[in-house]
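Position one of the sequence shown corresponds to residue 309 (our numbering), numbered consecutively onward.
Quick reminder that beta carbons are idealized off the backbone N, C-alpha and C, glycines included.
Notes to accompany the following structure.
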Amino acid sequence: MGAAMRRIHVGNALSAFGLGFTVPYLYVYVAQVRGLGSVTAGLVLAVFAVAALIVLPFAGRAIVRRGPLPVLLVALVTAALGALSLGLSASAATVLLSAAALGAGQAVMQPALATMIVDCSTTETRSRAFAMQFFLQNLGLGVGGLIGGHLVDTSSASSFTLLFAIEAAMFLVLVAVMATVRAPRAPRIEEAPGQGPGGGSWKQLLGNRAMVQLCVLGFVLFFACYGQFESGLSAYGVEAAGISTSALGTALAANTLMIVIAQFAVLKFVERRKRSRVIASVGLIWAVAWAVAGYAGLGHGSQTMATAAFISTYALFGLGEAMLSPTLAPLVADLAPTGLAGQYNSAFALVKQLALAIGPAVGGPLGASMHGPYIVAFLLFSLGITVLAVRLGRQLTDVQNQPSLARSRVVTQGGAPAGADAVAPAEA
């Protein structure tokens, strides 16, 4: 790992730590501490999603034309100002404006950092780099949430002001760290005559059938998993399975713990197999997770068994996430033409934000009131992931689907021909 990649990973950890510091307590802060009510608190959460959807199409264009580092620095300063302002806001208008700035900055960080990882890695090292990114993000979120929970006091607005001030400081520290990064620069893409800014790159992206299929698959993945964690699935657990709030916290901790424990063990398994098959396997694992959740809420076991089953559901989701982290992001990078990684990363981040915006709106009411249909619907969504992954595999080249084949062929160039004997070990 080079110096640039080390700084990028530090940046990922710091940004996740800052987010973990405040996000879990945002609703309580707005609704109760500032006394603005549940409607305003709900609007704040919606503003995060809307701000991301607005800025991400422009972020991809800016990353392609200016490079990821300048875009990242602007996003970090914007997020820092939004966080600090949010901690000082006392009216609905200023809270919503501050949330828009914070949400926009956070949204742009993701594709900018992902593009820097692409620029600082090779096809052979990319899966491991993105696995490390996901590991550090979850670790940062968990540690940030844990420390933040011990600092907040719902009877004191100043404790939340301190919380948001620390988050802003984390973003500014990250500005100082990332400003020292000297990453290789991808070739700049100039606009073709007669095209608007970014028009050619968007047209090229939409003409890439494999990328379009990956975006559809990504939407279903994020909708059926991340979009349900804190909305539909938690509502289902409380209403149908009788899960206590402390058990719900344990389930979320089990998800993070599974990722932290399994990430690098899973990486060795994933690197030797076709990406489409790995994603298809995740669909099957998540189908099992939804079936276990069904037992927790619809079965006739004891409360202890229901709680254990519900916690296992979150752990199974974590196993699937650990398999996806070294698979999805590197695949997006490998599908992007030279110089367009920023555009492709932003497009995929946009799809993710759409899924995270729609997922809670659909899953929340279903999970709270229609328990059987909720489980069946998302079990079918998970099986749909498997089907879509298999179809995507037909659109990928051999090396896009299984980068280890490229290494096998390079090794064999100096000796025996790269035939079936050389490829077989990579598929084992």
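{"query": "Nearest-angstrom Cβ-Cβ length linking Thr386 and Gly368, presumed shorter than 8 Å", "result": "No, Thr386 and Gly368 are not in contact; Cβ-Cβ is about 17 Å, not under 8 Å."}
{"query": "Range covered by the alpha helix (DSSP H) that runs through Gly540", "result": "Gly540 to Glu547"}
{"query": "8 Å Cβ cutoff met for Ala330 and Ala400", "result": "Here residue 330 is Thr; the residue named in the question, Ala, does not match the sequence. No, Cβ-Cβ distance for Thr330 and Ala400 is not below 8 Å."}
{"query": "Ordered list of alpha helix (DSSP H) runs contained in the stretch 557 to 584, each at least 4 residues", "result": "none"}
{"query": "Reference Val698; option with closest CA among Leu322, Pro673 and Leu525", "result": "Leu525"}
{"query": "Cβ distance (whole Å) where Ala562 is taken to contact Ile619 below 8 Å", "result": "5 Å"}
{"query": "Pair within 8 Å by beta-carbon distance, Leu410 and Ala391", "result": "yes"}
{"query": "Cβ distance (whole Å) where Gln703 is taken to contact Arg517 below 8 Å", "result": "6 Å"}
{"query": "Burial state of Thr462 (16 or more Cβ within 10 Å)", "result": "exposed"}
{"query": "Cα-Cα separation between Asn653 and Thr612, rounded to whole angstroms", "result": "43 Å"}
{"query": "Neighbour-count burial assignment, Ser589, 16 or more Cβ in a 10 Å radius", "result": "buried"}
{"query": "Residue from Ala324, Ile593, Val341 and Val707 whose Cα sits closest to the Cα of Arg583", "result": "Val707"}
{"query": "Spatially closest choice to Leu522 from Ala655, Phe356, Val568 and Pro673, by CA coordinates", "result": "Ala655"}
{"query": "Close beta carbons around Ala623, own chain, < 7 Å, minus the five adjacent residues each side", "result": "Ala562, Asn563 and Met566"}
{"query": "For Val546 and Tyr335, the rounded distance between their alpha carbons", "result": "19 Å"}
{"query": "Touching by the beta-carbon criterion (3+ pairs, under 8 Å), the stretch 432 to 451 and the stretch 347 to 366", "result": "no"}
{"query": "Check whether Ile371 and Gly650 have beta carbons under 8 Å apart", "result": "yes"}
{"query": "CB of Gly557 within 8 Å of CB of Pro668, strictly", "result": "no"}
{"query": "Alpha carbon of Leu592 to alpha carbon of Ala465, nearest angstrom", "result": "46 Å"}
{"query": "Other residues of its chain near Ala599: CB distance less than 7 Å, five sequence neighbours each side excluded", "result": "Leu687"}
{"query": "Closest by C-alpha distance to Leu513, when choosing among Thr469, Arg490 and Ala641", "result": "Ala641"}
{"query": "Where Glu432 falls, given that 16 or more other Cβ within 10 Å makes a residue buried", "result": "exposed"}
{"query": "Simplified DSSP assignment, three categories, for Gly672", "result": "helix"}
{"query": "Inter-residue spacing [alpha-carbon to alpha-carbon] between Arg314 and Val578", "result": "23 Å"}
{"query": "8 Å Cβ cutoff met for Ala549 and Gly605", "result": "yes"}
{"query": "DSSP-derived helix/strand/coil call for Asp706", "result": "helix"}
{"query": "Where His458 falls, given that 16 or more other Cβ within 10 Å makes a residue buried", "result": "exposed"}
{"query": "C-alpha gap between Gly507 and Arg374, whole angstroms", "result": "In this prediction, Gly507 has a pLDDT of 47, which is less than 50 and means its spatial position is unreliable; nothing more can be read from the coordinates."}
{"query": "Pick from Ala420, Pro673 and Ser397 that is closest to Phe366, judged by C-alpha positions", "result": "Ala420"}
{"query": "Contained alpha helix (DSSP H) runs [length at least 4] in the stretch 399 to 431, N- to C-terminal order", "result": "400 to 427"}
{"query": "Per-residue burial, Lys576 [other beta carbons within 10 Å of its own, 16 or more giving buried]", "result": "exposed"}
{"query": "Cβ neighbour criterion (16 or more within 10 Å) applied to Gly452", "result": "buried"}
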